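In this note's numbering, the protein residues as written are 2 to 87. Note that CB positions come from ideal geometry on N, CA and C, so glycine has one too. Quick caveat: nothing in here was measured; it's all calculated off a predicted structure.
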């Protein structure tokens, strides 16, 4: 019989940069563009139109990227079922 002392040794966590690059860039666009627009409105009131257009495009591209990164099918009967059945 194996002698198991019952100590739990957790597995190594994944690296911080191991996420999907598309999702990470999309999140940066969605969160970073409004923050940059806010800072630009405070610190640089005469913001050139090109910079404004690029920041708005970054936000829209990030939102579209996050939308397309959503799961396409809901496997409610499979092993990932996390809801109650009524």
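(message) For residue 23 and residue 70, which I take to be in contact (beta-carbon distance under 8 Å), what is that distance rounded to the nearest angstrom?
(response) 6 Å
(request) Would you tell me roughly how many angstroms separate the C-alpha atoms of residue 47 and residue 41, rounded to the nearest one? (result) 9 Å
(request) Report the three-state DSSP secondary structure of residue 18 (helix, strand or coil). (result) coil
(request) Grab the span of the alpha helix (DSSP H) containing residue 1 for me, first residue to last. (result) In this structure the chain extends from 2 to 87, so residue 1 is not present and cannot be described.
(message) Tell me the DSSP secondary structure of residue 48 in three-state form.
(response) coil
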